[in-house]
Amino acid sequence: MGERASDHVREVAALRQGLDFGMTLIDTAEMYGEGGAERIIGEAIVGRRDEVFLVSKVYPHHASERGVVAACERSLSRLKTDHLDLYLLHWRGDIALAETVAGFEQLRAAGRIRDWGVSNFDRSDLEELLALPDGAHCAANQVLYHLDCRGIEWDLLPLCRRRHIAVMAYSPFNEGRLLRNRQLASLALRIGVGPAQIALAWLLAQPGVATIPKANDPAHVHDNFKALDVKLSSNVRAEIDRIFPPPSRATPLKMI
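Below you can see the structure in the form of structure tokens.
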């Protein structure tokens, strides 16, 4: 969002419709539209900040102790709020994790963020983080996770569950590719829903997992909302596992 002025009205409307439906987690980053997405969100949530669980992410090259504080203040200004509910390191860069954690803890102590976490951290990265002083305060790990990308189920997802770290699944439709999968479309047709709704319902049924489908059009927001009505039977879940098998070995974390 926030990349084209011509989309401005539609994007604000999509966000507000999501809030009307009770879909209150909004995820963004300073990278998206180089702040443009945060400005759109800031406009959409005026007068409704208390309804929103607001997440943003810091560039790795801004994630020094001082840099992360400055970046957060810029995000807060664009979002027109005095705090974030969750602030994430977008991916791991060259700056030492201890510096980033120190900046996050400074922001948390000042009330500028409620919690902090990471994104695109594989098991080894997460274990290194957790070994740091205050590393155990990590509240979330946002990773690529969808029906056709289940590698995190081998070791990363179990680690997050053991350490009470929420998993945020991004790109739940694999940038639209899942919606063109013929087997998934056939299964969806048999049970009377859309393939997007199956993909979201499956993720939402995973313990400790939230998902953040991109939706910059009110019609897409409505379609995503309907996934909450989809209950997958044991037979349907078995069919999903046949089409999209769970991992049989450890694999490197994928990212987009």
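To convert, take the position in the sequence shown, counting from 1, and add 3; that gives the numbering used here. Note that beta-carbon positions come from the ideal geometry of N, C-alpha and C, so glycine has one too. Here the structure is a predicted model, which means the values were calculated and not measured.
Restricting to Cα atoms, I'd like to know which of L92, D151, K234, P250 is closest to N123. Stepping through the sequence shown from its first residue, residue 123 is reached at position 120. The shortest Cα separation from N123 among L92, D151, K234, P250 belongs to L92.
Could you give the residue range of the alpha helix (DSSP H) that holds V49? As a working note, residue 49 is residue 46 in the sequence shown. V49 -> no alpha helix (DSSP H), and no H or E assigned at all.
S264 - containing alpha helix (DSSP H), residue span: Only positions 4 to 259 of the chain appear in this structure, which leaves residue 264 out of reach.
Consult DSSP for L89 and reduce its assignment to one of helix, strand or coil. Looking up residue 89 in the sequence shown gives position 86. Note: L89 maps to strand in three-state DSSP.
Compare the beta carbon distance of G5 and R51 with 8 angstroms and say whether it is the shorter of the two. On the sequence shown, position 2 is the one that residue 5 refers to. On the sequence shown, position 48 is the one that residue 51 refers to. No, the pair does not count as a contact, with Cβ atoms beyond the cut-off.
Using only the alpha-carbon positions, how far apart do K217 and N144 sit? As a first step, residue 217 must be located in the sequence shown, where it is residue number 214. As a first step, residue 144 must be located in the sequence shown, where it is residue number 141. About 18 angstroms.
Span separating the alpha-carbon of V55 from that of M26: Taking the sequence shown and counting its residues from 1, the one referred to as residue 55 is at position 52. Taking the sequence shown and counting its residues from 1, the one referred to as residue 26 is at position 23. Straight-line Cα distance between these residues: approximately 8 angstroms.
For R7, I'd like the list of residues in its chain whose CB is within less than 7 angstroms of its CB, leaving aside the five on either flank, ordered along the chain. Here residue 7 is taken as the residue at index 4 of the sequence shown, counted from 1. Once the five neighbours on either side are set aside, R7 has no close Cβ partner at all.
Rounded separation between H149 and R115 - CA only: In the sequence shown, residue 149 corresponds to position 146, counting from 1. In the sequence shown, residue 115 corresponds to position 112, counting from 1. Roughly 32 angstroms separates the two Cα atoms.
Restricting to Cα atoms, I'd like to know which of D232, P136, G36, L89 is closest to R117. Here residue 117 refers to the residue found at position 114 of the sequence shown. The candidate whose alpha carbon is nearest that of R117 is L89.
Cβ-based neighbour list, V196, same chain, cut-off 7 angstroms, excluding 5 preceding and 5 following: Walking along the sequence shown from the start, residue 196 turns up at place 193. Correct list, in chain order: V233.
If you follow the alpha helix (DSSP H) that C163 is in, where does it begin and where does it stop? Along the sequence shown, one-based indexing puts residue 163 at 160. Note, C163: alpha helix (DSSP H), 159-165.
Tell me the DSSP bridge mates of L133? Locating residue 133 in the sequence shown gives position 130, where the first residue counts as 1. Answer is none; L133 lacks a bridge partner.
Presumed contact (8 angstroms Cβ cut-off) between T103 and V71, rounded CB distance: The residue given as residue 103 occupies position 100 in the sequence shown. The residue given as residue 71 occupies position 68 in the sequence shown. About 6 angstroms; that satisfies the 8 angstroms criterion.
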